[in-house]
Amino acid sequence: MNNLLEIRDLRLSYEVRGIRRKAPEVLRGVSLDIAPGETLGLVGESGSGKTTLGRAILGLAEPTGGTISFDGRDITRLGVKPRRALARDIQVVFQDPYSSLNPALQIADILAEPLIAQGAAHGDSRRDVMTLLDQVGLPADAADRYPREFSGGQRQRVAIARALALKPRLIVCDEPVSALDLTTQARVLDLLVDIQRDTGVAYLFITHDLQVVRHISHRVAVMYKGELVEVGSADDVTTRPAHDYTRSLMLAAPTADPDRQRERRALRQRHRERMGAAER
Amino acid sequence: MTSQTTDATAAPAARATKKRAGAVRRLLRNPLGVGSLAVLAAVIILGQLGAVLAQHDPNFSSLDAINLPVGSPDYPLGADQYGRDILARLIASINVSLISGAIGAGVAVVVGTSFGLLAGYRGKRTDAVASWSFNLLMTFPALVLVIVLYPVTGGSYQVMMAIFGLFLAPGTFRLVRNMVVGVRAELYVDAARVAGLPTRRILTRHILAVVRGPIIISVAFLASQAIGIQSGLAFLGLGDINVPSFGMMTGDAFANIYLHPDQLVWPSALMALLIGSIILLGNAYRDALAAPQSTVKRDKDARRAPASTQVGHPGADSDSSRSGDGVRTNLLTVRNLRVRYPQTDGSEKAVVDGASLRIDMGEVVGLVGESGSGKTQTAFSILGLLPREARVEADELTLAGEPILGLSPKEMRRFRGGALAYIPQEPMSNLDPSFTVGSQLIEGLRGSMSKREAKELVVGLLDRVGIRDAARVYGSYPHQISGGMAQRVLIAGAVASRPKLLIADEPTTALDVTVQAEILDLLRDLQGEFGMGVLMVTHNFGVVADLCDRVAVMRLGEIVETGDVRTIFREPSHPYTQELVGAILDEETLRTDPPPVARERLEGNR
Chain A
51 MNNLLEIRDL RLSYEVRGIR RKAPEVLRGV SLDIAPGETL GLVGESGSGK
101 TTLGRAILGL AEPTGGTISF DGRDITRLGV KPRRALARDI QVVFQDPYSS
151 LNPALQIADI LAEPLIAQGA AHGDSRRDVM TLLDQVGLPA DAADRYPREF
201 SGGQRQRVAI ARALALKPRL IVCDEPVSAL DLTTQARVLD LLVDIQRDTG
251 VAYLFITHDL QVVRHISHRV AVMYKGELVE VGSADDVTTR PAHDYTRSLM
301 LAAPTADPDR QRERRALRQR HRERMGAAER
Chain B
40 MTSQTTDATA APAARATKKR AGAVRRLLRN PLGVGSLAVL AAVIILGQLG
90 AVLAQHDPNF SSLDAINLPV GSPDYPLGAD QYGRDILARL IASINVSLIS
140 GAIGAGVAVV VGTSFGLLAG YRGKRTDAVA SWSFNLLMTF PALVLVIVLY
190 PVTGGSYQVM MAIFGLFLAP GTFRLVRNMV VGVRAELYVD AARVAGLPTR
240 RILTRHILAV VRGPIIISVA FLASQAIGIQ SGLAFLGLGD INVPSFGMMT
290 GDAFANIYLH PDQLVWPSAL MALLIGSIIL LGNAYRDALA APQSTVKRDK
340 DARRAPASTQ VGHPGADSDS SRSGDGVRTN LLTVRNLRVR YPQTDGSEKA
390 VVDGASLRID MGEVVGLVGE SGSGKTQTAF SILGLLPREA RVEADELTLA
440 GEPILGLSPK EMRRFRGGAL AYIPQEPMSN LDPSFTVGSQ LIEGLRGSMS
490 KREAKELVVG LLDRVGIRDA ARVYGSYPHQ ISGGMAQRVL IAGAVASRPK
540 LLIADEPTTA LDVTVQAEIL DLLRDLQGEF GMGVLMVTHN FGVVADLCDR
590 VAVMRLGEIV ETGDVRTIFR EPSHPYTQEL VGAILDEETL RTDPPPVARE
640 RLEGNR
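If you're matching them up, the sequences are chains A and B in order.
Heads up: the first sequence begins at 51 in our numbering, then just goes up one per residue.
Heads up: the second sequence begins at 40 in our numbering, then just goes up one per residue.
Right, dumping it as structure tokens:
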């Protein structure tokens with residue numbers, strides 16, 4: 051077994067109050083592998099379950115069935131202590147750089163927190179914070195400032211630095227560039243790729259943006275209504291989609307060229323008519 | 040939280056390093072804060088100076104002194120009907136009241152906050168049990184119970200206040216629990232859990248730090264409640280006779296009210312002063328914690344149209360441009376638009392700084408820029424929807440030849456309901472959740488037609504914007520429809536008045552790509568059908584390529600380049616436009632490098 055993360059037939063439904071109410075399943079039997087140092091792009095629309103899958107891996111949502119194993123070890127339902135220890139291996143970068151940093155803490159405290167929680171000494175952690183800031187391209191004087199003094203892109207760099215603090219082997223990136231401006235987005239993506247080349251960390255990269263996914267992923271998985279409809283190399287899935295849903299997703303994404311977009315629009319409308327005909 | 044802060048990149052560090060110190064400084068700048076703090080401090084100091092100021096023991100009683108008037112030698116405030124020094128008793132009472140307040144509020148805050156934190160954070164069963172217990176505690180009549188428990192407490196006011204504090208705890212518990220439930224959903228709490236932080240550390244560092252403001256404020260109210268209750272109990276005669284307190288003093292004075300009513304004044308006045316200053320201090324602290332910019336005064340001439348525009352007859356002849364006049368193709372002209380906001384330090388911050396824009400009839404113009412570039416501010420100035428403190432000026436701002444800057448709200452409404460329409464970014468938050476979709480859409484039409492006609496028209500429109508079961512959606516509440524459907528509903532509402540200009544502010548940003556494609560199709564169809572001009576505010580170049588004829592690129596409040604959509608994409612002339620277009624992720628680019636680390640190296644590292 052040379053996979054870092056293995057997910058087998060994962061199911062998850064959220065609790066519903068009341069007796070005999072059947073809970074809707076958010077994940078309906080998802081199986082997925084991530085190799086060390088690899089980026090797996092996970093694409094899907096809102097409500098498809100892609101964020102829930104990430105939260106299940108992080109231990110923030112409890113699966114109702116199936117297994118998640120990390121490095122050959124079952125981590126589906128870990129107790130408090132082993133889950134805390136797993137923080138060294140699995141980390142997260144969230145979408146919203148505004149709510150993912152505590153406004154009351156200075157950057158240095160935010161970055162040192164995971165280190166101290168894992169038993170680092172205060173002096174060491176200060177030095178590590180400087181290294182981390184350097185790693186994500188922020189100036190050293192950022193350490194003593196508060197999150198609100200930074201732009202969205204810089205905050206996302208702080209969040210990335212926090213994820214890197216414990217030198218994890220897998221980072222779940224939940225739409226990390228969706229809230230960013232175009233120019234910032236490109237820079238943060240480059241940063242993520244550079245970090246991966248340097249450290250060999252693997253990414254589960256959750257996004258709805260197909261251009262972004264092509265840019266960063268080795269492989270792509272497409273999720274629809276709680277199931278994976280297609281998994282394959284980034285090139286195969288995004289240029290030669292096998293599944294109809296993937297195809298409509300590709301055609302719906304507008305391209306930044308008026309003439310090419312006109313063609314794509316026509317293709318999409320034809321595709322939709324064909325799908326409509328198939329339904330009938 | 041606020042989008043304006045987005046590019047406040049390099050704000051001076053010193054300004055923000057002391058947030059709490061800032062709140063204290065603001066408190067001290069507020070006359071209410073300084074005044075109440077001074078009164079409270081004076082009362083507390085008076086209590087500590089008892090030994091120096093008073094000539095007698097508060098319980099020392101002298102037959103010679105009975106009912107001495109104010110200003111008697113050795114008895115500056117006179118003596119009561121038992122011949123005891125009123126000043127000495129007043130000073131002693133201050134300390135009793137302060138201790139009562141501290142014990143009552145202390146017990147309530149400690150118990151309420153700790154259980155509130157736990158219940159809010161843990162949720163589920165912990166929350167259910169704690170909430171149920173505190174609700175039960177709330178149903179007990181606290182005052183009656185404190186009286187009934189008199190034999191247990193033995194009349195000690197400290198113990199009575201501790202028990203009373205327990206009954207005050209449910210209020211604090213609910214406050215803290217509800218705040219924690221809110222903060223708990225914040226992503227940084229999730230991030231702290233993923234980082235492996237122990238629960239105790241998450242609670243104290245991440246949650247308590249954020250919710251402490253309201254807790255501090257509630258202390259003021261709890262303390263004053265405890266002081267009031269302690270006085271009430273002592274007034275009724277419950278408690279140790281040898282412990283003077285405001286309540287006991289008013290009780291004694293009350294018995295003597297027909298002979299010497301002035302004796303009632305001293306304890307009542309001092310108690311009012313004490314409780315009043317505590318409550319006002321709490322209020323001042325709340326104001327200090329709230330946003331500092333709320334103090335900005337509104338300038339009456341905020342919306343100034345320069346003399347050059349025809350403000351003289353705003354909307355005088357509304358029909359001239361509505362009917363006929365097909366020669367003119369110019370729909371919207373914005374010349375040198377400036378939007379500024381007054382800051383707390385008296386200066387002004389320009390968010391739009393000399394923007395000029397033109398839209399012809401039936402033309403779709405994209406206004407692109409990054410967050411904070413002022414594109415939404417520009418759109419809102421045209422709509423007349425900026426907040427009141429905004430100062431809007433322009434050399435020219437005309438819609439179909441009519442000036443729309445400096446109009447009264449009523450005249451502006453006439454435009455917005457007619458020639459000018461708007462589609463927002465967040466469809467859901469622009470529909471009122473407590474009314475049906477239909478009732479919100481016919482609101483604007485009810486003035487000119489019967490309810491049945493309006494309904495017919497709206498259902499027709501809903502059908503037109505591609506809603507399959509229009510009649511059902513008409514009767515639905517907003518939460519029963521999807522985001523894409525809600526955006527269609529708002530588009531239907533926007534085009535109901537056959538507007539000449541439709542302003543769409545990131546209309547598809549909150550939607551999925553497949554839904555976005557459909558909404559763009561719909562906008563294109565409607566634009567063609569009605570011949571509307573459209574101002575499309577967006578940061579998405581795909582949307583621009585799909586829909587727009589011309590593009591205006593905005594940066595830092597200025598429009599740096601305007602041009603035909605193909606020119607902007609292929610030969611951008613301004614360096615900033617070049618940078619923006621260069622940042623568009625190329626569709627052809629595909630990551631080709633293999634996963635960077637060989638397995639052996641990774642294992643070697645560990």
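Think of the CB as a built atom: it goes at the ideal place given N, C-alpha and C, for glycine as much as any other residue.
Computed from a predicted structure; not experimentally measured.
- Message: Can you look up Phe144 of chain A in the DSSP assignment and give me helix, strand or coil?
- Response: Along the first sequence, read from residue 1 onward, the residue named residue 144 of chain A stands at position 94. In this structure, DSSP gives Phe144 of chain A a state outside helix and strand, which the three-state scheme calls coil.
- Task: Kindly identify the DSSP beta-bridge partner or partners of Lys388 of chain B.
- Result: Taking the first residue of the second sequence as 1, we reach residue 388 of chain B at position 349. Bridge partners of Lys388 of chain B: B:Tyr380.
- Item | beta-carbon Glu482 of chain B near the ligand SAH non-hydrogen atom, thresh 8 Å | With respect to the ligand SAH, the structure offers nothing, as it holds no ligand at all.
- the segment 225–250 of chain A: positions lying closer than 7 Å to chain B by Cβ: So the close ones are Asp231, Leu232, Thr233, Ala236, Gln246, Arg247 and Gly250.
- Query: So what's Met400 of chain B in DSSP terms, helix, strand or just coil?
  - Reply: Here residue 400 of chain B is taken as the residue at index 361 of the second sequence, counted from 1. Of the three classes helix, strand and coil, the one that applies to Met400 of chain B here is coil, per DSSP.
- Query: Does the distance from the CB of Arg239 of chain B to the CB of Gly159 of chain B come in under 9 Å?
  - Reply: By one-based count along the second sequence, residue 239 of chain B stands at place 200. By one-based count along the second sequence, residue 159 of chain B stands at place 120. No, these two residues do not count as a Cβ contact at 9 Å.
- Message: Let's see if you can read the secondary structure: which residues bound the alpha helix (DSSP H) around Phe255 of chain A?
- Response: Counting from 1 along the first sequence, the entry for residue 255 of chain A is found at position 205. Phe255 of chain A: not part of any alpha helix (DSSP H); member of the beta strand (DSSP E) spanning Ala252 to Thr257, first to last residue.
- What residues of chain A sit near Gly235 of chain B, judged by a beta carbon separation below 9 Å? Here the question's residue 235 of chain B lines up with position 196 in the second sequence. Those are Arg133, Arg134, Ala135, Leu136, Ala137, Arg138, Pro164, Ala167, Gln168 and Leu216, listed as they occur along chain A.
- Item | 4 or more residues per run - each alpha helix (DSSP H) lying fully within the segment 231–291 of chain B | As far as the segment 231–291 of chain B is concerned, its whole alpha helix (DSSP H) runs of at least 4 residues are 248–274.
- Item | Thr89 of chain A in three-state terms, based on DSSP | As a first step, residue 89 of chain A must be located in the first sequence, where it is residue number 39. Strand.
- Query: Quick one, are the C-beta atoms of Gly267 of chain B and Gly290 of chain B less than 9 Å apart?
  - Reply: As a position in the second sequence, residue 267 of chain B is number 228, starting the count at 1. As a position in the second sequence, residue 290 of chain B is number 251, starting the count at 1. No, the pair does not count as a contact, with Cβ atoms beyond the cut-off.
- Item | Pairwise C-alpha distance: Gln269 of chain B and Tyr189 of chain B | Walking along the second sequence from the start, residue 189 of chain B turns up at place 150. Walking along the second sequence from the start, residue 269 of chain B turns up at place 230. Distance between the alpha carbons of Tyr189 of chain B and Gln269 of chain B: 13 Å.
- Do three or more CB pairs link the segment 488–503 of chain B to the segment 544–559 of chain B at distances below 8 Å? With a cut-off of 8 Å, the segment 544–559 of chain B and the segment 488–503 of chain B do not count as touching, because too few Cβ pairs lie within range.
- Message: For Ala622 of chain B and Gln235 of chain A, I'd like the C-alpha separation in whole angstroms.
- Response: For this step, residue 622 of chain B is matched to residue 583 along the second sequence. For this step, residue 235 of chain A is matched to residue 185 along the first sequence. Cα to Cα, the separation comes out at about 8 Å.
- From Ile296 of chain B to Gln302 of chain B, what does the alpha carbon distance come to, in whole angstroms? Position 257 of the second sequence, counted from the first residue, corresponds to residue 296 of chain B. Position 263 of the second sequence, counted from the first residue, corresponds to residue 302 of chain B. Computed Cα separation, rounded: 8 Å.
- Message: Can you find the residues in the same chain that come closer than 6 Å, C-beta to C-beta, to Val528 of chain B, ignoring five residues on each side of it along the sequence?
- Response: Here residue 528 of chain B is taken as the residue at index 489 of the second sequence, counted from 1. Correct list, in chain order: Val476.
- For the beta strand (DSSP E) containing Ala271 of chain A, list its first residue and its last residue. What you label residue 271 of chain A is simply residue 221 of the first sequence in a count that begins at 1. Where Ala271 of chain A is concerned, the enclosing beta strand (DSSP E) stretches over Arg269 to Tyr274.
- Message: Suppose you measure from the CA of Phe608 of chain B to the CA of Thr547 of chain B; what does that come to, to the nearest Å?
- Response: For the purposes of this step, residue 608 of chain B is taken as residue 569 along the second sequence, with counting starting at 1. For the purposes of this step, residue 547 of chain B is taken as residue 508 along the second sequence, with counting starting at 1. Approximately 21 Å, taken between the alpha carbons.
- Could you have a look at Ser489 of chain B and say whether DSSP puts it in helix, strand or coil? Sequence index remark: in the second sequence, residue 489 of chain B carries index 450 (1-based). Note: Ser489 of chain B maps to coil in three-state DSSP.
- Query: Within 10 angstroms of its Cβ, does Leu66 of chain B collect 16 or more other Cβ (buried), or is it exposed?
  - Reply: Within the second sequence, numbered from 1, the residue matching residue 66 of chain B stands at position 27. Under this definition Leu66 of chain B is a buried residue.
- Query: Any idea if Tyr64 of chain A is buried or exposed, counting beta-carbon neighbours within 10 angstroms, 16 or more meaning buried?
  - Reply: What you label residue 64 of chain A is simply residue 14 of the first sequence in a count that begins at 1. Counting Cβ neighbours within 10 Å, Tyr64 of chain A comes out exposed, since fewer than 16 surround it.
- Can at least three beta-carbon pairs, one atom from the segment 91–98 of chain A and one from the segment 252–264 of chain A, be found at a separation below 8 Å? Yes: at least three Cβ pairs fall under 8 Å.
- Task: Give the range of the beta strand (DSSP E) segment to which Met593 of chain B is assigned.
- Result: The sequence position of residue 593 of chain B within the second sequence is 554, counting from 1. Unbroken beta strand (DSSP E) run through Met593 of chain B: Arg589 to Arg594.
- Message: For chain A, check one thing: does any of its Cβ atoms lie closer than 9 Å to the Cβ of Pro253 of chain B?
- Response: One-based indexing of the second sequence puts residue 253 of chain B at position 214. No - not a single Cβ of chain A is within 9 Å of the one on Pro253 of chain B.
- Own chain partners of Ser153 of chain B with C-beta closer than 8 Å, once the 5 adjacent residues on each side are dropped: Taking the first residue of the second sequence as 1, we reach residue 153 of chain B at position 114. Cβ within range, chain order: n/a, list empty.
- Task: Apply the 10 Å Cβ neighbour rule to Glu313 of chain A and answer buried if 16 or more other Cβ atoms are within range, or exposed otherwise.
- Result: Reading the first sequence from its first residue, position 263 is the one you call residue 313 of chain A. By the 10 Å Cβ count, Glu313 of chain A comes out exposed.
- Message: So Ala93 of chain B and Leu107 of chain B are supposed to be a Cβ contact under 8 Å. How far apart are they, rounded?
- Response: Within the second sequence, residue 93 of chain B is the residue found at index 54, counting from 1. Within the second sequence, residue 107 of chain B is the residue found at index 68, counting from 1. The beta carbons of Ala93 of chain B and Leu107 of chain B sit about 14 Å from each other, so the pair does not count as a contact at 8 Å.
- Could you tell me if Glu441 of chain B is buried or exposed, where buried requires 16 or more neighbouring beta carbons within 10 angstroms of its beta carbon? Mapped onto the second sequence, residue 441 of chain B falls at position 402. By the beta-carbon neighbour count (other beta carbons within 10 angstroms, threshold 16), Glu441 of chain B is buried.
- Assuming Asp544 of chain B contacts Thr415 of chain B (C-beta within less than 8 Å), just tell me the rounded distance between them. Walking along the second sequence from the start, residue 544 of chain B turns up at place 505. Walking along the second sequence from the start, residue 415 of chain B turns up at place 376. Confirmed, about 6 Å.
- Task: Kindly list, in the order they appear in chain B, the residues whose Cβ is closer than 7 Å to that of Pro308 of chain A.
- Result: Position 258 of the first sequence holds residue 308 of chain A. What Pro308 of chain A touches in chain B: Ala584, Val604, Arg605 and Phe608.
- Message: I'd like the list of long-range same chain contacts for Arg320 of chain A, defined as Cβ closer than 6 Å, with 5 residues on each side in sequence excluded.
- Response: As a working mapping, residue 320 of chain A is identified with position 270 in the first sequence. Taken in chain order, the list of residues that qualify is empty.
- Task: List the residues of chain B whose Cβ lies closer than 7 Å to the Cβ of Thr305 of chain A, in chain order.
- Result: Position 255 of the first sequence, counted from the start, is the residue given in the question as residue 305 of chain A. Result: Gly581, Ala584 and Glu626.
- For His518 of chain B, is the classification buried or exposed, using 16 other Cβ atoms within 10 angstroms of its Cβ as the cut-off for buried? Start at 1 with the first residue of the second sequence, and residue 518 of chain B comes out as number 479. By the neighbour-count criterion, in which 16 or more other beta carbons inside 10 Å mark a residue as buried, His518 of chain B falls on the exposed side.
- Val378 of chain B beta carbon less than 9 Å from that of Gly413 of chain B: In the second sequence, residue 413 of chain B corresponds to position 374, counting from 1. In the second sequence, residue 378 of chain B corresponds to position 339, counting from 1. Their beta carbons are under 9 Å apart, which means Gly413 of chain B touches Val378 of chain B by this criterion.
- Task: Quick one: which unbroken alpha helix (DSSP H) runs of 4-plus residues sit fully inside the segment 192–216 of chain A? Chain order, please.
- Result: The qualifying runs are 202–214.
- Task: Assuming Glu280 of chain A contacts Thr296 of chain A (C-beta within less than 8 Å), just tell me the rounded distance between them.
- Result: Position 230 of the first sequence, counting from 1, holds the residue named residue 280 of chain A. Position 246 of the first sequence, counting from 1, holds the residue named residue 296 of chain A. Correct: roughly 5 Å between the Cβ atoms.
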